[in-house]
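Residue numbers (our numbering): 4 to 156. Worksheet for the structure shown next.
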């Protein structure tokens with residue numbers, strides 16, 4: 004099931020790399036950019052999140068909250084965040100519920116790994132409706148950052 008622009012964003016509460024619970028509802032009133040990624044410490048995932056990191060001033064300037072989500076444990080995500088100096092929360096969808104709700108879950112990933120988040124980007128508006136949805140079938144592809152930033156401007 005794919006999520007499209009115009010739909011209400013599926014609500015969720017996940018544990019962050021700081022071992023705190025973070026809910027989508029916490030950010031009502033600001034735009035939220037969700038970046039789903041397959042696995043911490045893989046090269047394309049790092050590129051995806053580092054692109055966000057290096058443009059972070061843009062997101063701060065428009066009062067937008069960025070959240071990274073993968074099925075890695077909070078402990079793995081904490082190390083990944085620390086090593087790359089990400090300024091935004093990384094959330095553990097260890098139970099795969101949120102990736103599934105957003106239609107961003109591989110049945111089978113590389114090496115026979117099942118239930119891994121697809122690379123995907125969603126932009127959620129102040130009322131918690133989806134205004135941009137991009138789910139990539141190939142884990143080697145990156146989200147269209149230009150389209151996301153153009154939409155947010």
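For each residue, glycine too, the CB sits at the ideal point set by N, CA and C. All figures in this text were calculated on a predicted structure; none of them were measured in a lab.
How is residue i classed by DSSP in three states: helix, strand or coil?
| i | result |
| --- | --- |
| residue 102 | helix |
| residue 148 | helix |
| residue 107 | coil |
| residue 143 | coil |
| residue 116 | coil |
For residue i, which residues from the same chain have a beta carbon less than 8 Å from its beta carbon, with the 5 sequence-adjacent residues on both sides left out?
| i | result |
| --- | --- |
| residue 65 | 34, 155, 156 |
| residue 24 | 16, 17, 18 |
Quick one: what's got a C-beta closer than 6 Å to residue i's C-beta in the same chain, skipping five residues either side?
| i | result |
| --- | --- |
| residue 104 | 13 |
| residue 68 | 30, 33, 35 |
Here's a check: name, in chain order, each residue in its chain whose Cβ is nearer than 7 Å to the Cβ of residue i, leaving out the five neighbours to either side.
| i | result |
| --- | --- |
| residue 48 | 40, 41, 42 |
| residue 106 | 4, 5, 6, 138 |
For my contact list, residue i and residue j are in at a C-beta cut-off of 8 Å; report their separation, rounded to the angstrom.
| i | j | result |
| --- | --- | --- |
| residue 99 | residue 118 | 5 Å |
Please check if any C-beta of chain C sits within less than 8 Å of the C-beta of residue i.
| i | result |
| --- | --- |
| residue 25 | Structure shown: chain C not included; a single protein chain is present. |
Query raised in the report: Taking one C-beta from the stretch 14 to 34 and one from the stretch 76 to 92 each time, how about it: are there three or more such pairs within less than 8 Å?
Result: In short, these stretches touch, since the Cβ pair count reaches three.
**Report entry** Whole runs of the beta strand (DSSP E) within the stretch 8 to 90, excluding any shorter than 3 residues
**Finding:** Qualifying beta strand (DSSP E) stretches, in chain order: 16 to 19, 24 to 26, 34 to 39, 67 to 73.
Query raised in the report: Counting Cβ pairs closer than 8 Å, one from the stretch 45 to 58 and one from the stretch 84 to 91, do we hit at least three?
Result: Enough Cβ pairs lie closer than 8 Å, so yes.
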